[in-house]
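Residue numbers (the numbering used here): 208 to 371.
All remarks here apply to the structure that follows.
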């Protein structure tokens, strides 16, 4: 699964994913665990439900809380790191970048259709008329942004502007 979708252990998606039964489990994530023990527990439990044990024991071993139950810090992280080592592969941007081929950029210019050109020019002209006013209000600024956005969208597809 995609780690981002299941790391919140209280989410409906996470609960549903935990009901899946299979011989193998793999979680990929392009985002870090954000240093939250709860997220790490959820993702690790999906891959191997028995490795970390029950949640209450896991959190008692690794969380430090104040007298109101608020998390103040974490402990025994070296032991946790060792426990998770066989099932975690963590790659940083630096190590991944070494494995990628050199970046190539290719600019391909495509002529807009007549409809795209007309729509784009119309909205650029509307933005220019507002910008030429002697005094510009907050509403005027928003309208300029809107017209420039529509002009850019028309360059991609007129469907984005008028759904036709």
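Backbone N, C-alpha and C define an ideal beta-carbon position, used for all residues, glycine too.
Assignment of beta strand (DSSP E) within the stretch 249-330, counting only whole runs of 3 or more residues, yields 270-272, 278-281 in chain order. Taking C-beta atoms under 8 Å as the contact rule, residue 270 and residue 244 qualify, at a distance of about 6 Å. Bounds of the alpha helix (DSSP H) holding residue 225 are 219-225.
DSSP places residue 235 within a strand segment (E or B) once states are collapsed to three.
Across the set 361, 228, 275, the C-alpha of 361 shows the shortest separation from the C-alpha of residue 326. Burial check for residue 214: the Cβ neighbour count within 10 Å reaches 16 or more, so the residue is buried.
Residue 317 is positioned such that its CB atom lies no closer than 8 Å to that of residue 337. Ranked by how close their Cα comes to the Cα of residue 276, the residues 283, 284, 285, 266 have 266 in first place. A Cβ-Cβ contact shorter than 8 Å links residue 253 with residue 224.
In the structure shown, the three-state DSSP call for residue 352 is helix. Here residue 251 is buried. Its C-beta has 16 or more other C-beta atoms within 10 Å.
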